[in-house]
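**Student:** In full-length UniProt numbering, the protein residues as written are 1 to 438. Each residue gets a CB set at the ideal place from its N, CA and C atoms; glycine is no exception.
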């Protein structure tokens, strides 16, 4: 039997979750304070670039199973479960900014007149959920009938629909059996397909998401540190990573050396985890995360300085072509983009930076320009930087663009280009952490 599901917040997480809940057969209302976004979603259009999302939105808004509103009153006593999917961006102090979560609490709770479940999906510091529940119960006419469950999201941008419909695991943080029973009904379809479910206390549920992200960043920064050692010793970090990946205890995923990680989740989540562990006096974890962050920032600087070195130590007035603006392929998200960080570094040094990306639109900025095509980006460039590994860059035939740049030099910041193919076309290829003879 379908449930009535409210999804509060409709950016990457919320829009995908709302569409996924409708695909599971539930009746869904998404809520957002952005009226333009709500109007776009109600037309069945996706406000973001995410593979497979728009067909779901089109199908379920057309059927009437899914709609969007700006009015909390439409969902308060209608929904069986209210999912909180708002952002928790990084604050100035590095900790998570919970202002959007608090705003949802202050707006929704006074409207709750009957028992309901509040399911948190937003990534929050450990210890947040009990405070949220206490405040909800204080404000809600339903009082102790409001039960908070933590149900963290594990979406990867560019794979968010797949991760929603066929999750690796489902985490339910609660010790209230009635709330857990309701959440099992929410996820009846994936649970019927033997998706693993972890039922645990709320603190553990809050920590699982940040622990997962922190572990991934440790793996990324480890291989980037090894890339620097390979660079110094004459080794090849790609072959090294391949060999490590054959070890079943390690695996090959997230062992791709290069420019490091970015986006709207990994950097801010580990920063918030470090801030919280520091508050709780767990110095060993804080220090580990700070080391990971330092390596990640260092990779961006290394690539930028490598470009300066290739241009003779001075980039002033020289055109630099940057291939990629999104923080990774498959998305239009430029939040904390490593590619744009390098572009801005070189622009600050006086370079004329031109950026091309097949999906992302760079924020308005006088320091760098956005090209409409690869050809426009490469034309008359003194050096080219491959910084986001879109398929159209990885599969680009260098012969087709060899007449465009002033100098055929490319820095492969993602170590994804076939070096010999580019060299045969007359290009000098620079890949940090790879022996020049291979």
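#1: Please identify the residue among 52, 134, 91 and 267 whose C-alpha is closest to the C-alpha of residue 163.
#2: If I follow the unbroken beta strand (DSSP E) through residue 199, where does it start and stop?
#3: Do you know how far the Cα of residue 156 is from the Cα of residue 293?
#4: For residue 4 and residue 272, what's the separation of their Cα atoms in angstroms?
#5: For a quick check, are the C-beta atoms of residue 466 and residue 165 less than 8 Å apart?
#6: Three-state secondary structure (DSSP) at residue 181?
#7: Could you check which residue in 28, 133 and 252 has the C-alpha nearest to that of residue 222?
#8: Identify whether residue 16 lies in helix, strand or coil by the three-state DSSP scheme.
#9: Once you ignore the five residues that flank residue 308 on each side, which residues in its own chain have a CB closer than 8 Å to its CB?
#10: What does residue 384 pair with, by DSSP beta-bridge criteria?
#11: Identify every residue that forms a DSSP beta bridge with residue 356.
#12: Which residues in the same chain as residue 167 place their Cβ atom closer than 7 Å to its Cβ, once the five residues preceding and following it in sequence are excluded?
#13: Given that a residue counts as buried once 16 or more other Cβ atoms are within 10 Å of its Cβ, and exposed if not, what is residue 406?
#14: Around the C-beta of residue 215, are 16 or more other C-beta atoms found within 10 angstroms, so that it is buried, or is it exposed?
#15: Please confirm whether residue 398 and residue 421 have their CB atoms less than 8 Å apart.
#16: Whose C-alpha, out of 434, 27 and 7, is nearest the C-alpha of residue 228?
#17: Spatial neighbours of residue 7 within its chain, please: CB distance less than 6 Å, with the 5 preceding and 5 following residues excluded, ordered by chain position.
#18: Leaving out five residues before and five after residue 401 in sequence, what residues of the same chain have Cβ atoms less than 8 Å from its Cβ?
#19: Rounding to the nearest angstrom, what Cα-Cα distance links residue 432 and residue 240 in this structure?
#20: Taking residue 150 as part of the beta strand (DSSP E), name the residues at either end of that continuous run.
#21: Return the residue from the list 48, 178, 44 and 384 that minimises the CA-CA distance to residue 355.
#22: Give me the Cα-Cα distance between residue 135 and residue 282, rounded to the nearest whole angstrom.
#23: CB residue 68 to CB residue 98, shorter than 8 Å?
**Tutor:** Reading from the atomic positions:
#1: The shortest C-alpha separation from residue 163 is found at 52.
#2: Going by DSSP, residue 199 is part of the beta strand (DSSP E) stretching over 197–200.
#3: Separation of residue 293 and residue 156 (C-alpha to C-alpha, rounded to the nearest whole angstrom) is 20 Å.
#4: Rounded to whole angstroms, residue 4 to residue 272 spans 33 Å at the Cα level.
#5: Since the displayed the chain opens at 1 and closes at 438, residue 466 lies outside it and no answer follows.
#6: Taken through DSSP and simplified to helix, strand or coil, residue 181 comes out as helix.
#7: It is 252.
#8: Note: residue 16 maps to helix in three-state DSSP.
#9: Excluding sequence neighbours, residue 308 sits near 314, 315, 346 and 349.
#10: Bridge partners of residue 384: 321 and 410.
#11: Looking at the DSSP assignment, residue 356 forms a beta bridge with 323.
#12: Within the same chain, residue 167 has close Cβ partners 154, 190 and 195.
#13: Per the 10 Å Cβ criterion, exposed.
#14: With a 10 Å radius around the Cβ and a threshold of 16 neighbouring Cβ atoms, residue 215 comes out exposed.
#15: Yes; because the gap between Cβ atoms is below 8 Å, this pair is in contact.
#16: The option with the nearest alpha carbon to residue 228 is 434.
#17: Hits under 6 Å: 14, 17, 18, 30, 83 and 85.
#18: Residues 374, 375 and 378 of the same chain have their beta carbon placed closer than 8 Å to that of residue 401, with the five preceding and five following residues left out of the count.
#19: Cα-Cα distance, rounded: 13 Å.
#20: Its beta strand (DSSP E) spans residues 146–150.
#21: Nearest in C-alpha terms to residue 355, of all of 48, 178, 44 and 384, is 384.
#22: Per the coordinates, the alpha-carbon of residue 135 lies some 28 Å from the alpha-carbon of residue 282.
#23: Cβ atoms of residue 68 and residue 98: not closer than 8 Å.
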